[in-house]
Amino acid sequence: MSVEFLQYLFSGVTIGATYALVGLGFAIIYNASHVINFAQGEFIMIGSMATVSFLAMGMPMPVAILLAVALAVVTGMLLQKFAVAPAKNADVVTIIIITIGASILLRGLAQVFWGKSFHALPAFSGNEPINIAGATIVPQNLWVLGVTLVIVAAVSWFFTKTIIGKAILATSHNADAAKLVGINTNMILLFAFGLSALLGAVAGIIVAPITTTSYEVGIMLGLKGFVAAVLGGLGSGVGAIVGGLILGIAEAMAAGYISSDYKDAVPFVIILFILFFMPSGLFGSRGTERV
Amino acid sequence: MSLLKVSGLTKTFGGVHAIEDLSFEIKKGTIHSVIGPNGAGKTTLFNLLTGVYTPTQGAVSFNGESVSGKSPHYLAKRGMSRTFQNLQICMNMSAVENVMVGRHLHMSHNPIAAMLRLPSITKQDKACREKAIELMEFVGTGQYIKTNADAMSYGALKRLEIARALAAEPEILLLDEPAAGLNGTETAEVDELIQKVADSGVTVMLVEHDMKLVMNISDYLLVLDYGKKLAEGTPEEIRNNPAVIAAYLGA
Amino acid sequence: MFEKLNSPRTGGLLALILAVLILPLFFQNTFHYDVAIHVAISATVAISLNLLVGYAGQISLGHAGFFGVGAYSSAILTGWDFGWSPITAMLVASLAVGVLALVVSGPILRLKGHYLAMATLGLGIIIAIVITTEDWLTGGPDGLSVEPLTIFGLSPQGEAQWYWVFCVVLIASVWLSLNLIDSPVGRAMRAVHGSEVAAQVAGVDTTYFKTLIFVMSAMFASLMGSLSAHYSGFVTPDIAGFHHSIELITMVVLGGMASVFGAITGAVILTLLPQMLTGLEDWEMVIFGLILMLTMIFMPKGLVPTLLTKFRRGEA
Numbered sequence: 346m347s348v349e350f351l352q353y354l355f356s357g358v359t360i361g362a363t364y365a366l367v368g369l370g371f372a373i374i375y376n377a378s379h380v381i382n383f384a385q386g387e388f389i390m391i392g393s394m395a396t397v398s399f400l401a402m403g404m405p406m407p408v409a410i411l412l413a414v415a416l417a418v419v420t421g422m423l424l425q426k427f428a429v430a431p432a433k434n435a436d437v438v439t440i441i442i443i444t445i446g447a448s449i450l451l452r453g454l455a456q457v458f459w460g461k462s463f464h465a466l467p468a469f470s471g472n473e474p475i476n477i478a479g480a481t482i483v484p485q486n487l488w489v490l491g492v493t494l495v496i497v498a499a500v501s502w503f504f505t506k507t508i509i510g511k512a513i514l515a516t517s518h519n520a521d522a523a524k525l526v527g528i529n530t531n532m533i534l535l536f537a538f539g540l541s542a543l544l545g546a547v548a549g550i551i552v553a554p555i556t557t558t559s560y561e562v563g564i565m566l567g568l569k570g571f572v573a574a575v576l577g578g579l580g581s582g583v584g585a586i587v588g589g590l591i592l593g594i595a596e597a598m599a600a601g602y603i604s605s606d607y608k609d610a611v612p613f614v615i616i617l618f619i620l621f622f623m624p625s626g627l628f629g630s631r632g633t634e635r636v
Numbered sequence: 335m336s337l338l339k340v341s342g343l344t345k346t347f348g349g350v351h352a353i354e355d356l357s358f359e360i361k362k363g364t365i366h367s368v369i370g371p372n373g374a375g376k377t378t379l380f381n382l383l384t385g386v387y388t389p390t391q392g393a394v395s396f397n398g399e400s401v402s403g404k405s406p407h408y409l410a411k412r413g414m415s416r417t418f419q420n421l422q423i424c425m426n427m428s429a430v431e432n433v434m435v436g437r438h439l440h441m442s443h444n445p446i447a448a449m450l451r452l453p454s455i456t457k458q459d460k461a462c463r464e465k466a467i468e469l470m471e472f473v474g475t476g477q478y479i480k481t482n483a484d485a486m487s488y489g490a491l492k493r494l495e496i497a498r499a500l501a502a503e504p505e506i507l508l509l510d511e512p513a514a515g516l517n518g519t520e521t522a523e524v525d526e527l528i529q530k531v532a533d534s535g536v537t538v539m540l541v542e543h544d545m546k547l548v549m550n551i552s553d554y555l556l557v558l559d560y561g562k563k564l565a566e567g568t569p570e571e572i573r574n575n576p577a578v579i580a581a582y583l584g585a
Numbered sequence: 401m402f403e404k405l406n407s408p409r410t411g412g413l414l415a416l417i418l419a420v421l422i423l424p425l426f427f428q429n430t431f432h433y434d435v436a437i438h439v440a441i442s443a444t445v446a447i448s449l450n451l452l453v454g455y456a457g458q459i460s461l462g463h464a465g466f467f468g469v470g471a472y473s474s475a476i477l478t479g480w481d482f483g484w485s486p487i488t489a490m491l492v493a494s495l496a497v498g499v500l501a502l503v504v505s506g507p508i509l510r511l512k513g514h515y516l517a518m519a520t521l522g523l524g525i526i527i528a529i530v531i532t533t534e535d536w537l538t539g540g541p542d543g544l545s546v547e548p549l550t551i552f553g554l555s556p557q558g559e560a561q562w563y564w565v566f567c568v569v570l571i572a573s574v575w576l577s578l579n580l581i582d583s584p585v586g587r588a589m590r591a592v593h594g595s596e597v598a599a600q601v602a603g604v605d606t607t608y609f610k611t612l613i614f615v616m617s618a619m620f621a622s623l624m625g626s627l628s629a630h631y632s633g634f635v636t637p638d639i640a641g642f643h644h645s646i647e648l649i650t651m652v653v654l655g656g657m658a659s660v661f662g663a664i665t666g667a668v669i670l671t672l673l674p675q676m677l678t679g680l681e682d683w684e685m686v687i688f689g690l691i692l693m694l695t696m697i698f699m700p701k702g703l704v705p706t707l708l709t710k711f712r713r714g715e716a
């Protein structure tokens with residue numbers, strides 16, 4: 346393995362990990378409610394921008410992060426309660442437009458309160474480069490990978506081992522049946538939005554020291570998270586994570602070996618290519634339509 | 335002469351046989367019913383015959399032409415038409431427009447002429463609308479001509495589907511539980527309607543749970559059980575078939 | 401007589417023509433004309449997008465890509481490198497977009513719901529990125545200037561003349577669309593939306609009709625892209641971008657899916673609203689997002705269909 350390759354791989358996995366977290370957020374909401382939340386990217390923005398602004402108020406880093414994540418979670422729940430829930434029987438496109446409206450609103454609020462300039466978060470533990478087999482990474486890369494691993498493990502534990510997690514899965518399979526066995530499906534949906542906001546916010550915060558942040562950072566990151574979720578097959582958590590990593594690595598390789606101009610196009614080329622051959626993504630279910 | 339010939343038809347879903355090695359023939363101008371308990375594969379059979387599903391194995395020939403694996407719209411062109419157990423009505427259109435869709439194969443599909451509303455299109459469209467209205471009256475939904483499909487009752491929509499299927503002027507009409515969910519009076523009306531359709535020369539294939547209706551109007555019956563043929567014959571023969579009595583009627 | 405006026409084809413078209421004729425009486429400066437022209441351009445594209453999304457039920461989140469290819473092709477082909485006549489460039493661009501749409505429609509239109517949304521979104525974004533990146537051809541982020549439009553020796557001068565050009569195009573496209581919707585082709589398209597399997601067993605080749613409307617709608621967007629490029633005399637990559645795509649689909653959904661006049665209403669609102677909100681400066685986005693959300697939450701079927709239902713119910 347050449348040093349160059351290793352270097353691209355590291356940066357690809359780092360950015361891919363954030364796509365994976367955002368994609369997982371898409372998957373969780375899609376699973377619980379069959380809604381694609383186009384405001385998902387704004388949780389990334391809220392997480393990172395709120396941390397920046399809490400730090401500026403003089404709070405210590407951990408408190409700032411905690412508050413920022415809490416803010417995103419509350420926003421996610423409000424979004425579900427007041428924007429998505431009232432429109433639950435509307436057309437797919439109508440709900441897409443509602444969540445786009447929400448993302449414009451959130452972006453607008455961010456711009457009013459936090460301004461339009463770019464910010465960088467300080468790295469969590471310094472910028473001393475680390476040398477691995479000739480490739481150089483900064484400690485923040487390890488933070489991104491570590492936090493992502495912990496979160497993914499926690500989420501998978503949550504869905505397989507806890508009552509609420511199982512209730513979310515039950516609701517996604519059959520909401521009516523879930524209601525019948527006494528699951529409060531409204532609470533479940535609220536919870537799903539909160540959880541996916543949490544994932545988005547965390548992704549935004551851990552990657553901000555590397556990529557910087559602004560009120561508009563959520564647009565592209567959100568779209569790529571959506572690509573990750575679709576690539577894996579909508580509703581598949583594992584799929585979203587794998588999808589995110591594939592995108593991140595492919596993007597870094599393309600930027601390194603081909604041209605960085607087309608870096609942003611790579612995920613979209615990949616998704617078109619995959620959908621051409623696998624219309625339900627890599628791990629999506631292919632059901633026969635019943636008539 | 336047989337209009338439809340099925341031999342060795344098999345469909346599996348993930349290893350489970352929904353239809354297994356099924357063979358039968360349907361004669362022109364008859365009413366041929368398919369009965370069997372829930373899950374016997376009746377609707378699957380319809381989906382296979384009309385091209386909605388592709389058979390795993392076996393052959394279907396229609397008017398002497400091998401048609402297994404052909405698309406639904408190709409089969410429609412060859413003279414096959416059907417209704418659905420769970421309604422498939424276009425709720426975004428009016429009742430009469432739904433029936434007009436049924437005449438699709440008899441219409442011009444030139445988009446340029448349609449956009450320019452050339453006189454030939456207008457004329458053809460007017461005739462199509464009149465034919466559709468006529469059919470709606472024929473099936474007894476004449477009062478809904480200006481209604482939107484989403485404002486109609488279940489029973490009326492069931493009959494609207496029959497009108498749409500007839501609009502294609504099919505050689506064979508496959509009706510999937512046309513009386514399901516209807517009350518006694520409505521069932522009697524549908525019974526009469528099917529008879530009227532058959533009298534007009536259309537071969538009818540029918541899936542139905544209402545035994546009285548089936549025994550009344552069918553010329554032949556095919557009894558399915560777990561995707562396999564249990565028995566076949568006239569209503570009289572079926573009524574006296576010990577296997578059928580044991581497996582189905584006796585239950 | 402009254403029945404006829406109540407129908408969209410006669411009544412709606414007459415109302416539109418009247419509005420187009422009367423509006424200039426209230427215009428005080430070229431800016432007013434310019435806004436009206438932008439409404440007309442957007443409305444025309446939204447109508448063709450509505451045929452695809454509202455009537456045939458196929459989501460497209462990348463339509464601005466086709467608009468952008470049309471605009472850039474016209475800019476490049478009429479420029480000094482090629483020197484084509486605008487009308488040839490426009491038609492060739494539209495044909496090229498048609499071929500592009502045809503090529504991608506095969507795999508794309510097999511997709512459903514969110515997968516189709518993803519694919520069209522991706523296609524649009526790729527087009528926008530190519531336009532931004534290939535600066536040797538497109539001028540990159542700085543854009544390109546475009547030659548004025550000349551057709552058979554005629555060349556519209558100034559906003560007032562362009563206003564009439566775009567209004568004629570708008571009215572023509574309304575008429576053509578209304579005709580199409582109420583024809584066998586239109587019914588087949590709508591049946592694909594209503595119940596794809598029912599359409600198939602009625603003999604509708606659903607793949608063909610989905611492709612037909614996708615290609616037509618893309619070619620139409622390209623033509624409008626070309627025309628608007630000649631009008632503004634300048635093109636930038638924004639016109640092909642994700643935001644423009646979203647703006648177009650929002651016009652369709654806000655005004656009302658499966659409603660020609662809904663698409664026009666959506667275009668009017670989405671063009672005028674930002675103009676009216678500019679006084680709010682920083683709060684513009686907030687209010688805009690809020691209005692968008694509230695309208696869709698309380699009128700999920702869109703403005704025109706919702707209001708029409710209310711009106712007809714009140715009448716009965």
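Protein chains in written order, with my numbering: chain G, 346 to 636; chain U, 335 to 585; chain B, 401 to 716.
Glycine residues also receive a C-beta, built at the ideal position from the N, C-alpha and C atoms.
At a beta-carbon threshold of 9 Å, none of the residues of chain G lie near Gly543 (chain B); the nearest stands roughly 17 Å away. Under the 8 Å Cβ criterion, the stretch 364–382 of chain U counts as touching the stretch 538–549 of chain U, having at least three qualifying pairs. Shown here for Met619 (chain B): same chain residues with a beta carbon closer than 6 Å to its own, the five before and five after excluded, namely Ser494, Val497 and Gly498 in chain order. Per the coordinates, the alpha-carbon of Glu399 (chain U) lies some 14 Å from the alpha-carbon of Gly385 (chain U). Between Ala490 (chain U) and Val433 (chain U), the gap from beta carbon to beta carbon reaches 9 Å or more. In the DSSP assignment, Ile391 (chain G) forms no beta bridge with any residue. Considered as a whole, the stretch 397–421 of chain U harbours 414–416 as its complete beta strand (DSSP E) runs of no fewer than 3 residues, in chain order. Contact with chain B is found for Ala435 (chain G), since one of that chain's Cβ atoms lies less than 9 Å from the residue's Cβ.
Look at Ser378 (chain G): its C-beta is not under 9 Å from any C-beta on chain B. In this chain, the alpha helix (DSSP H) harbouring His518 (chain G) covers Ile508 to His518. In terms of Cβ geometry, Ile525 (chain B) and Tyr607 (chain G) do not form a close pair [threshold 9 Å]. Taking a Cβ-Cβ threshold of 7 Å, the residues of chain G close to Asp682 (chain B) are Gln456 and Val457, in chain order.
Counted as a single uninterrupted DSSP element, the alpha helix (DSSP H) harbouring Gly368 (chain G) occupies residues Val348 to Ser378. For the pair Ala464 (chain B) and Gly543 (chain B), the Cα-to-Cα distance works out to about 16 Å. A distance of 9 Å or more separates the beta carbons of Ser581 (chain G) and His464 (chain G).
Note that the C-beta distance between Gly454 (chain B) and Met693 (chain B) is not below 9 Å.
Between Val574 (chain B) and Leu413 (chain B), the C-beta gap is smaller than 9 Å, which places the two residues in contact.
Taking C-alpha positions only, Val585 (chain B) is separated from Ala448 (chain U) by approximately 7 Å. Assignment of beta-bridge partners to Phe347 (chain U) by DSSP yields U:Val350.
In chain order, Tyr488, Gly489 and Lys492 place their CB closer than 8 Å to the CB of Gly515 (chain U), counting only its own chain and leaving out the 5 sequence neighbours on each side. In terms of beta-carbon proximity, Gln419 (chain U) stays away from the interface with chain B, with every pair separated by 9 Å or more. Not one beta carbon of chain B lies nearer than 9 Å to the beta carbon of Ala599 (chain G).
In this structure, Phe466 (chain B) sits away from Ala517 (chain B), with a CB-CB distance that is not shorter than 9 Å.
Look at Leu654 (chain B) here: in three-state DSSP terms it is helix. From the beta-carbon of Phe621 (chain G), the residues of chain B found nearer than 7 Å are Pro507. As the crow flies, the alpha-carbon of Ile646 (chain B) is around 31 Å from that of His518 (chain G).
Between Pro445 (chain U) and Leu580 (chain B) a beta carbon distance of about 7 Å is seen, short of the 8 Å cut, so the two are scored as contacting. DSSP lists U:His366 and U:Leu508 as the bridge partner or partners of Met539 (chain U). Around Gly453 (chain G), the beta-carbon contacts reaching into chain B at under 9 Å are Asp682, Trp683, Glu684, Met685, Val686, Ile687, Phe688, Gly689 and Leu690. With a cutoff of 9 Å on beta-carbon distance, Ala466 (chain U) and Val601 (chain B) are scored as not near each other. In the structure shown, Gln557 (chain B) adopts coil according to DSSP, grouped into three states.
Contacts with chain B at 9 Å (Cβ-Cβ) do not include Glu399 (chain U). Contact annotation: in the stretch 582–607 of chain G, residues whose CB is within less than 7 Å of a CB in chain B are Asp606 and Tyr607.
In terms of beta-carbon proximity, Asp609 (chain G) lines the interface with chain B, with at least one pair separated by less than 9 Å.
Against chain U, the CB of Ser583 (chain B) has a partner CB under 9 Å away; the residue lies at that interface. For Glu471 (chain U), the three-state secondary structure derived from DSSP is helix.
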